[in-house]
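Novice: Using this note's numbering, the letters of the sequence shown map in sequence onto residues 81 to 477.
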Amino acid sequence: MTQPRSVRPFYRPMRPRRRDEPHRTATPLELFFDLCFVVAVSQAAANLHHAVSEDQLGHALTRYLMVFFAIWWSWMNFTWFASAYDTDDDLYRIATLVQIAGALIIAAGVPRAFNDGDFSVITYGYVVMRIALVVQWCRAAAGDPAHRPAARRYAIGVTVVQLGWLLRLALPHSWGTAALLLLVVADLLVPAVAERPGMTPWHPRHITERYGLFTLIVLGDVVLATSVAIQTGVDAGDRRLWSLAAAATVIVFALWWLYFDRPIDAPDRMPYTLVWGYGHYLIFAAVAAVGAGLSVAVDHERHLAHISGRIAGYAVAVPIAVFLLTVWVLHVRRQQHGAVVVAFPVVALLALLAPLGPAPVYVLAALLVALVALTVVLRRSDVGPHRRLERPVGPDR
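#1: Is DSSP giving V87 helix, strand or coil here?
#2: Only counting runs of 4 or more residues, tell me where the alpha helix (DSSP H) segments fall wholly within the segment 399–434, in order along the chain.
#3: Whole angstroms are fine: how far does the CA of L451 sit from the CA of A423?
#4: By how many angstroms is the C-alpha of A274 removed from the C-alpha of I174?
#5: Apart from the five residues on each side of it in sequence, which residues of its chain come closer than 7 Å, Cβ to Cβ, to R467?
#6: Taking C-beta to C-beta, are A305 and V121 nearer than 7 Å?
#7: Rounding to the nearest angstrom, what Cα-Cα distance links R97 and Q415 in this structure?
#8: Rounded to whole angstroms, what is the Cα-Cα separation between M94 and V426?
#9: In or out: T142 buried (at least 16 other Cβ within 10 Å) or exposed?
#10: Work out the CA separation of V215 and Y91 for me, nearest whole Å.
#11: Use the C-beta contact count for Q311: other C-beta atoms within 10 angstroms, 16 or more gives buried, fewer gives exposed.
#12: With distances taken Cα to Cα, identify the nearest neighbour of A272 among S254, A230 and V190.
#13: Does F112 come out as helix, strand or coil in the three-state DSSP assignment?
#14: How would you write the range of the alpha helix (DSSP H) that A305 sits in, first residue to last?
#15: Cβ atoms of A193 and I185: under 7 Å apart, would you say?
#16: Would you mind reading off the limits of the alpha helix (DSSP H) that contains D196?
#17: Output the distance between the C-alpha atoms of S163 and G189, rounded to the nearest integer angstrom.
#18: Between which two residues does the alpha helix (DSSP H) containing H253 stretch?
#19: Where do the ends of the alpha helix (DSSP H) carrying I363 lie?
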């Protein structure tokens with residue numbers, strides 16, 4: 081006799097998920113959340129590309145970092161909460177969809193933030209996302225007595241900081257940057273304070289997979305942005321871009337390889353958990369900026385950018401160096417030893433020197449290929465003939 085299918089309830093008590101739950105993987109709702117978020121990432125990278133090409137370097141970098149903070153911090157807070165308390169009832173899904181709506185509002189406000197320095201729309205979208213998360217934390221406080229102090233601190237802390245973001249819109253323009261930095265610090269301190277009664281029960285392997293998946297999605301956006309820029313040039317009859325397209329492809333492939341080369345694990349000890357989680361801001365922002373930089377390189381090759389070749393080269397080299405140094409700090413130094421530990425910062429330094437010579441994009445591609453080859457050779461020598469590599473923990477497991 082066929083068993084009746086279980087029906088998802090509208091509401092169920094929000095109990096904590098087990099930290100050792102087997103086969104814990106990303107859900108369709110989490111994947112949908114990521115795909116909607118990449119719209120905001122794409123907007124930030126596209127506007128960075130245009131600002132750099134127009135030689136507006138000063139505000140391009142600062143506004144990009146500000147915009148990307150709103151995107152990354154909202155994504156990160158949902159991700160860690162879902163790892164601990166995903167009940168998948170209808171109420172949880174509705175609250176998550178409200179957060180997705182906030183992400184789309186953030187994406188809509190990105191051009192205005194870059195062009196006019198107006199962060200009001202981004203702030204509204206950010207507050208929508210964060211207040212929806214406050215509702216979730218209140219549910220967690222009601223359903224999980226063991227972690228109730230942490231959940232309450234999250235709910236109170238997030239609410240207070242959101243009031244600060246709204247009040248910032250009423251401040252004089254001259255106070256805007258200082259207030260923004262203060263609120264960023266306040267937002268970053270909320271988890272550090274809230275987790276003090278005891279860490280919420282997030283799942284280490286699930287978190288690792290979620291971070292890996294978002295890295296893949298941002299890399300995919302780099303591929304799309306670069307291919308569109310090159311396609312535009314090829315359609316205009318510029319055949320010189322084929323070699324640049326090959327170098328850009330090699331760069332993207334190498335970034336993927338270097339991030340996923342060895343098994344990745346999210347540390348479960350404070351404060352390194354926060355260092356690992358927060359440090360990925362630089363990885364995500366750097367990867368997206370590589371896509372913007374490669375588009376700038378295409379503009380320069382087509383004589384459409386109002387910048388020198390050196391600046392165009394640094395638009396690619398700087399985010400690559402940031403990516404390499406951050407991966408080195410968060411992954412390589414913790415899990416590897418020997419020459420590869422030295423190689424990452426050395427290649428990062430050489431990447432910053434590449435724009436001083438001709439053809440920086442090709443030099444950067446060659447440097448990354450050399451680093452990938454070194455990691456492969458050293459990994460095989462570490463394994464030896466009688467040991468077998470573990471499968472990496474991440475989206476391809």
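Even for Gly, the Cβ is constructed at its ideal location relative to N, Cα and C. For clarity, every value in this text was computed on a predicted model and none was experimentally measured.
Specialist: The answer reads as follows:
#1: What you label residue 87 is simply residue 7 of the sequence shown in a count that begins at 1. It is coil, neither helix nor strand.
#2: 419–433
#3: Taking the first residue of the sequence shown as 1, we reach residue 423 at position 343. Taking the first residue of the sequence shown as 1, we reach residue 451 at position 371. Their backbone Cα atoms lie some 7 Å apart in a straight line.
#4: Taking the sequence shown and counting its residues from 1, one reaches residue 174 at position 94. Taking the sequence shown and counting its residues from 1, one reaches residue 274 at position 194. When rounded, the distance between both Cα atoms is 25 Å.
#5: Counted from its first residue, the sequence shown places residue 467 at position 387. Note that R467 has pLDDT 45, beneath the 50 cutoff, so the model's placement of it is unreliable and the number below is only indicative. Excluding positions up to five away in sequence, the list is empty.
#6: Reading the sequence shown from its first residue, position 225 is the one you call residue 305. Reading the sequence shown from its first residue, position 41 is the one you call residue 121. Their beta carbons are not under 7 Å apart, which means A305 does not touch V121 by this criterion.
#7: Residue mapping note: residue 97 aligns to position 17 of the sequence shown, counting from 1. Residue mapping note: residue 415 aligns to position 335 of the sequence shown, counting from 1. Distance between the alpha carbons of R97 and Q415 is about 28 Å.
#8: Numbered from its first residue, the sequence shown carries residue 94 at position 14. Numbered from its first residue, the sequence shown carries residue 426 at position 346. When rounded, the distance between both Cα atoms is 48 Å.
#9: The sequence position of residue 142 within the sequence shown is 62, counting from 1. Looking at its Cβ environment, which holds fewer than 16 other Cβ atoms inside 10 Å, T142 is exposed.
#10: Residue numbering aside, residue 91 sits at position 11 when the sequence shown is read from its first letter. Residue numbering aside, residue 215 sits at position 135 when the sequence shown is read from its first letter. Each residue's alpha carbon lies about 13 Å from the other.
#11: As a first step, residue 311 must be located in the sequence shown, where it is residue number 231. Classification of Q311: exposed, given that the 10 Å Cβ count is below 16.
#12: Locating residue 272 in the sequence shown gives position 192, counting from the first residue. It is A230 whose Cα lies nearest to the Cα of A272.
#13: By 1-based counting over the sequence shown, the position of residue 112 is 32. Note: F112 maps to helix in three-state DSSP.
#14: In the sequence shown, residue 305 corresponds to position 225, counting from 1. From DSSP, the alpha helix (DSSP H) with A305 extends over P284 to D315.
#15: Reading the sequence shown from its first residue, position 105 is the one you call residue 185. Reading the sequence shown from its first residue, position 113 is the one you call residue 193. For I185 and A193, no; Cβs fall outside 7 Å.
#16: The count along the sequence shown starts at 1 and reaches residue 196 at position 116. Looking at the DSSP string, the run of the alpha helix (DSSP H) that includes D196 is D170 to D196.
#17: To locate residue 163, count along the sequence shown from 1; it is residue 83. To locate residue 189, count along the sequence shown from 1; it is residue 109. In a straight line, the C-alpha of S163 is about 29 Å away from that of G189.
#18: Mapped onto the sequence shown, residue 253 falls at position 173. Note, H253: premise wrong, no alpha helix (DSSP H); not H, not E.
#19: In the sequence shown, counting from the first residue as 1, residue 363 sits at position 283. Counting along the chain, the alpha helix (DSSP H) containing I363 begins and ends at Y352 to E381.
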